[in-house]
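Each number in our numbering comes from the position in the sequence shown (counting from 1) with 3 added on.
Even for Gly, the Cβ is constructed at its ideal location relative to N, Cα and C.
A quick write-up on the structure given underneath.
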Amino acid sequence: MTLEPLIPVGEEDNSELQDFQRRFWWTLPLTLIVTTLAMFGHKFGWFTMQTQTWVELALSLPVVLWTGWPFFVRGWQSIIHRSPNMWTLISLGSGAAFVYSLVATLAPDVFPDSFVSMGRVAVYYEAAVVIISLTMLGQIIELKARSQTSAAIKSLLSLAPKTARRINADGSEEDVPLSHVHVGDLLRVRPGEKVPVDGIVTEGQSAVDESMLTGEPIPVTKRVDDKLIGATLNTSGALVMRSEKVGAATMLSQIVQMVASAQRSKAPMQRMADVVAGKFVMVVVLVAVVTFFVWGIFGPEPSWVFGLINAVAVLIIACPCALGLATPMSVMVATGRAAEQGVLFRDAGAIEKMREVDTLIVDKTGTLTEGRPAFDKAIPAPDFTADEVLRLAASLDQGSEHPLADAIVRAAREQGLQLAKPVDFDSASGIGVRGTVEGRRLALGNTALMAQEGVSVSSLQADGERLRGEGASIMHLAADGKFAGILAVTDPIKASTLDAIQTLHASGLRIVMATGDGLTTAKAVGAKLGIDEVHGEVKPADKLALVERLQSEGHVVAMAGDGINDAPALAKADVGVAMGTGTDVAMNSGQITLVKGDLRGIAQSREISTDTVRNMRQNLLFAFVYNGIGVPIAAGVLYPFTGWLLSPMIAALAMSLSSASVIFNALRLRR
């Protein structure tokens, strides 16, 4: 096969297909004429037999030397590189038929009388040219089918815009090719245009359609400081963005590269097929040699002619192209289908392994939940109001970078509360924050911080435990040494999670949750979702140990996570499933990435895995059965009983049809 680029390109290179089509169609009339002469020339007496031989030679030369030249080159390369393959057999079979016929035409006297038929030494130019033409037709069909298997990559590449509107330092604007955009450039995205690269909004507000990435049809509102993803569609307002990732670093480029890498990789089943195919070629050559001599010594006259023709038929029909195509075609189609559903397989081994998984470990934050904490409620202590508790806490939290603090500040601003600037802000590591707001000394954190402040939280302790039982994180607020109230922040469970868990349970998976959150909160979430086993307050090393323990018990384990803390367990699991909404470290550690961050993708990946392995087995079974039946018939084992012999031309047709059947069976996976 010709080399293919490691990094896919949008414009497909069809030069090989065009070259093969040109060779095939220009010489197909010559093949038909040679075949017609061989079959009917002696009946109509158009030429003397000697003249007909020379006419067949003249017409066969362009077919063999021009159309068949790529096959002979590849056959020779397979020999010098000691890598026998389908081209070894094709070049040996068609070459043997042509060289024998050439010698019979140029020096017929070297052959014994037994080789003479109808006044000339029998020639088989028609076998050589038909084998080459049919093989070329099979290659054209295969090349066209291969282009269909990469349709997913082409559709992904077509999503990216070709240009971007750049805002220059002097305020002028110009349209530039996407390749000219650099990190830090300011870009304008007008209504109806696609976002050119990954970046962040600096001006404006708009609804952006991210369905190409998430599959959700509802546009997402984007404001200043929100992230934008390249190739998504700006629907309404005008935006100004700062580019952060360009070229190969964009999410779209990474998705394309991951799909392409998976299509190039080999499944364990394919590696076995490659080994079998290599040994198979040598066995076939040996069978062909034995066929030639057995027919030559023991066969009816002209015995050596029968030996040659049957040996050529063995070489052609036993071509391992169907065996070689059986698994890579399935892998290519499956990865393309998965990519269209937002499931990215890093390699073919993950496709084959996913169907065997019986235990799934999931992280909570960002995997089962949105990963974006949201303020739930404030419960005031006596002498305080809920709005006052929220306003004071949000004012203090303006100095904190913690996600929970961000949720509180965002909620206060959305409610229109007037926030004050904190003074003497101090972060008490791991337990909360302190500071002064409007002259009042505030402390916001967990019960450990309240104990340090000498503040009793017993008046709302029952409320706190109830909220924790519902899966919320609780913070306590004290003002001037007096308990002011509690604030609950929740990380909402994704809308798709419950359906995903039910689907995974129905497919026979045992689901285990392992999270760094408190055990009470973890159990509350686990109970809501019907998770089989819950582990709370676990560290990265604990998740890794959990994977190892389950594997030692004989389970095939998949791990789903989105954070840096999940990376060791993702790498250790039999199949690591990274959420596409998570960190780069997590995605680099997993064999599967769910672009949408939706656990339902795991059920889809298992379905694709099952379908693909079944398809590969069908292809391999067909290839083995085809060769197991075809080779003995071609060798002539049925001749003593039925008088049947297999023409090399029929063998070439059967060989091409076997490859086509494997290709079209693999293409069924697209549905």
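Considering only their Cβ atoms, is the gap separating residue j from residue i smaller than 9 Å?
| i | j | result |
| --- | --- | --- |
| V616 | I595 | no |
| I364 | M562 | yes |
| A241 | T224 | no |
| V198 | R226 | no |
| T388 | P495 | no |
| V2 | I605 | Since the first and last residues shown for the chain are 4 and 674, residue 2 lies out of range. |
| L318 | L95 | yes |
| D409 | P385 | no |
| H508 | D361 | no |
| L399 | G339 | no |
| K139 | G71 | Residue 139 is actually Met in this sequence, not Lys. The answer is yes: Cβ separation under 9 Å. |
| G639 | G302 | yes |
| K356 | D577 | yes |
| L146 | F27 | no |
| A41 | Y127 | yes |
| P87 | V284 | yes |
| V440 | P425 | yes |
| G474 | V560 | no |
Grab me the residues of residue i's own chain with a C-beta within less than 7 Å of its C-beta, minus the 5 sequence neighbours each way, in chain order.
| i | result |
| --- | --- |
| G187 | R245, S246 |
| P65 | T30, L33 |
| Y642 | L648 |
| T500 | L371, L532, L602 |
| L660 | none |
| Q21 | none |
Please report the residue range of the alpha helix (DSSP H) in which residue i lies.
| i | result |
| --- | --- |
| S209 | Segment 209-212 is the beta strand (DSSP E) holding S209; no alpha helix (DSSP H) there. |
| V634 | 603-638 |
| H508 | 500-509 |
| F75 | 72-83 |
| I354 | 351-357 |
| F50 | Careful: F50 lies outside any alpha helix (DSSP H) and carries neither H nor E. |
| T493 | Looking at the DSSP string, T493 is not in any alpha helix (DSSP H); the run it does join, the beta strand (DSSP E), is 485-493. |
Taking residue i as the reference, give the member of the options with the closest Cα.
| i | options | result |
| --- | --- | --- |
| A234 | M254, G646, G71 | M254 |
| I611 | A341, F378, L480, P383 | A341 |
| A482 | A503, I636, L452, G511 | L452 |
| T493 | L507, S461, K485, S476 | S476 |
| N597 | I534, P164, T238, Q257 | According to the sequence displayed, residue 597 carries Leu and not Asn. Nearest option by C-alpha distance: Q257. |
| L109 | Y127, G174, W57 | W57 |
| L3 | W72, L35, P73 | Any property of residue 3 remains undetermined from this structure, which presents the chain solely from 4 to 674. |
| A353 | A530, R609, L68 | R609 |
| R443 | Q418, V436, R413, L395 | L395 |
| S403 | L447, A172, I636 | L447 |
| L3 | L470, T39, R471, A517 | Given that the chain is displayed from residue 4 to residue 674, the structure contains no residue 3 and the question cannot be resolved. |
| V37 | V184, Q21, S104 | S104 |
| G174 | Q464, K497, L189 | L189 |
| Q208 | V200, D201, D228, G202 | D228 |
| L2 | A544, K165, T238, N17 | In this structure the chain extends from 4 to 674, so residue 2 is not present and cannot be described. |
Beta-carbon within less than 6 Å of residue i's beta-carbon, same chain only, minus the 5 sequence neighbours each way: which residues are those?
| i | result |
| --- | --- |
| T217 | Its pLDDT being 49, under 50, T217 is placed unreliably by the model, and the measurement read from it follows with that caveat. Around T217: K599. |
| K526 | V537 |
| V392 | A381, P383, L480, A487, G488 |
| E219 | Because the pLDDT of E219 is 47, which lies under 50, any placement of that residue in the model is unreliable, and the question is left without a value. |
| V458 | A481, F486 |
| F75 | S94 |
| W307 | G299 |
| T294 | N313, A314, V317, A638 |
| K1 | Any question about residue 1 goes unanswered here, given that the chain covers just 4 to 674. |
| S430 | V436 |
Examine chain D for any beta-carbon lying closer than 9 Å to the beta-carbon of residue i, and answer yes or no.
| i | result |
| --- | --- |
| P643 | Although the question refers to chain D, the structure presented lacks it and comprises just one protein chain. |
What residue does the beta strand (DSSP E) around residue i start on, and which one ends it?
| i | result |
| --- | --- |
| P383 | 377-383 |
| F348 | 346-348 |
| A482 | 476-482 |
| A517 | 513-517 |
| T645 | Per DSSP, T645 belongs to no beta strand (DSSP E); it is in the alpha helix (DSSP H), 642-645. |
| G600 | Taken as a continuous stretch (DSSP letters only), G600 belongs to no beta strand (DSSP E), as it is neither H nor E. |
Got a sec? Which residues, its chain only, sit under 8 Å from residue i by beta carbon, not counting five neighbours each side?
| i | result |
| --- | --- |
| V634 | V287, V290, V317, I320, A321 |
| S555 | none |
| A176 | The amino acid at residue 176 is misidentified as Ala; the sequence shows Glu. Contacts found: R168, R169, I170, R191. |
| A99 | L311, A314, V315, L318 |
| T613 | R358 |
Next item on the list: Tell me the start and end of each unbroken beta strand (DSSP E) in the stretch 218-262 that is at least 3 residues and wholly inside, in chain order.
Entry: Those beta strand (DSSP E) runs which fall completely within the stretch 218-262 and span 3+ residues are 223-225, 242-248.
Margin query: Give the list of continuous beta strand (DSSP E) stretches no shorter than 3 residues that lie fully inside the stretch 169-201.
Written below: Runs of the beta strand (DSSP E) inside the stretch 169-201: 176-180, 189-192.
Margin query: I'd like the ranges of any alpha helix (DSSP H) spanning at least 4 consecutive residues and lying wholly in the stretch 532-569.
Written below: With a minimum length of 4 residues, the continuous alpha helix (DSSP H) runs that stay inside the stretch 532-569 are 543-555.
Next item on the list: Just list the alpha helix (DSSP H) runs in the stretch 388-423, keeping only unbroken ones of 4 residues or longer that don't cross its boundaries, in chain order.
Entry: DSSP runs (the alpha helix (DSSP H)) wholly in the stretch 388-423: 389-400, 406-417.
Margin query: Just to confirm the assignment: which complete beta strand (DSSP E) runs, minimum length 3, are found wholly within the stretch 426-475?
Written below: Counting only runs of 3+ residues, the beta strand (DSSP E) found wholly inside the stretch 426-475 occupies 426-431, 435-440, 443-448, in chain order.
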